[in-house]
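Following: one structure in structure tokens, then a few remarks.
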Amino acid sequence: MTVERDQFASDNTAPICPEAWAALQEANADYAAAYGEDRWTARACDQIREIFETDCDVFFVFTGTAANALALAQMCQSFHGIMCHQNAHIQTDECGGPEFFTGGSKLLLVGGGNGKIDIGQAKALLMRQNELHSHKPGVISIAQATEFGTVYTRDEITAITELAHANELFVHMDGARFANAIASLNCAPRIMTWELGVDVLCFGGTKNGTAAGELVIFFNKKISREFDYRVKQAGQLGSKMRLLAAPWLGLLANDTWLQNARHANRAARQLAQNLQSEANVEIVFPVEANAVFARLDDQLAQCLQARGWRFYKFIEPDVYRLMCSWATTEGDIGDFIRDVTLNH
Ligand SMILES: *Cc1c(COP(=O)(O)O)cnc(C)c1O
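So the mapping is simple: the numbering used here equals the position in the sequence shown, first residue as 1, plus 930.
Below is the structure:
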């Protein structure tokens, strides 16, 4: 029987990291107040405000899909449109969650290379807006890091937030892999978010090392009003919230979130380098975070899958995604490369 090897299938195949696990265990030792009235939740929110160096409003939900959909619902009227990249997770992987929770908003798709919104195409879309007859653009949503493992630079985000503000749009950032982006850019989180005019950030913990639990962070506190009710109505208010919050304390202490992300990013760079140099495999997008998109012929992909390696085709006909995480080891990379070269 072949052993299933899920190491590169996604960054959410990884276990809970030791720091998050220890913090969870500590919070599990005794009774505590429910629904977020506990000290772990308060501390985690305070630490987020410290790390972002601003007085933002912070909420916990269980999944990234809930974070995005509820944040966007909070930022939009039902007749608003949400501009996003055509390969955005909110477009391709959330089963219409944003449309459902906004109660009528439409995703307005923008193209652009390497998974990033092309500013010229975004401007053209705004110019085409057909007054009363089509959805009124209300939000621009960008993913940082992107679905293709690339990272927006400060200048690229600035161009988007300036366009948004010139057109009275809010800016949403899907940060399911925000840690990987900050590790890659090596800068203070405020520099890539509220200082540039990002209104709401969905900050992911799951792919960084928790079991579950994502943050919705409102830098623009004017739009957080009654968000707690929206979270509750959506069934996303954890009653044992301390058990969502405590693992975040494990991530946030001693920069564990950044160390986990740096490790994952480094592993992805190494995997990409070895695929190129040892197996002559083409890498399709710049490896700026923890994803490697590799062009593999079908026969090679099938051989690898037959040897137990799990990973997904992302772009037809032959581009596959390999994800690294805090837990990826040099041994994992070596084993994978050996199987690639054996079957090449
Ligand atoms: C993983 C991911 C999410 C959240 O997904 P869930 O499975 O709902 O937690 C959101 N955005 C991006 C870009 C992602 O990669």
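Note that the Cβ used here is the ideal one computed from N, Cα and C, for glycine as well.
- Does the Cβ of Val1101 have 16 or more other Cβ atoms within 10 Å, making it buried, or fewer, making it exposed? buried
- For ligand 1, list every residue whose C-beta falls under 5 Å from any of its heavy atoms, going in chain order. Thr993, Gly994, Thr995, His1019, Ala1073, Asp1104 and Ala1106
- Message: Here's a check: name, in chain order, each residue in its chain whose Cβ is nearer than 7 Å to the Cβ of Tyr965, leaving out the five neighbours to either side.
- Response: Leu1167, Ser1169 and Met1171
- Look up Val1128 in the DSSP assignment and say whether it is helix, strand or coil. coil
- Item | Assigned exposure category for Val933 - 16 Cβ within 10 Å defines buried | exposed
- Query: Over what stretch of residues does the alpha helix (DSSP H) that includes Glu956 continue unbroken?
  - Reply: Pro948 to Ala957
- Beta-carbon contacts of Ala996 that lie in its chain and below 6 Å, excluding the five residues immediately before and after: Gln1166
- Inter-residue spacing [alpha-carbon to alpha-carbon] between Leu1181 and Ser1064: 43 Å
- Just checking, does the segment 986-995 make contact with the segment 1004-1018 on the three C-beta pairs under 8 Å criterion? no
- Query: How would you label Leu1173, buried or exposed, when you count the other beta carbons within 10 angstroms and need 16 or more for buried?
  - Reply: buried
- Query: Taking DSSP as the reference, what is the three-state secondary structure of Asp1185?
  - Reply: helix
- Query: For Cys1254, which residues from the same chain have a beta carbon less than 6 Å from its beta carbon, with the 5 sequence-adjacent residues on both sides left out?
  - Reply: Ala1194, Ala1197, Ala1198 and Asn1220
- DSSP puts Arg1225 in a beta bridge; with which residues? Glu1212 and Val1249
- Message: In whole angstroms, give me the CA-to-CA distance for Gly1127 and Asp1227.
- Response: 43 Å
- Item | Given 8 Å, three or more beta-carbon pairs between the segment 946-960 and the segment 1121-1139 | yes
- Could you name the residues that DSSP lists as bridge partners for Leu1038? Met1013
- Message: Could you compute how far the alpha carbon of Asn942 sits from the alpha carbon of Trp1178?
- Response: 16 Å
- Message: In the DSSP output, what is Ala944 paired with across the bridge?
- Response: Answer is none; Ala944 lacks a bridge partner.
- Item | Supposed contact pair Phe990 and Leu1145 - C-beta distance, whole angstroms, cut 8 Å | 6 Å
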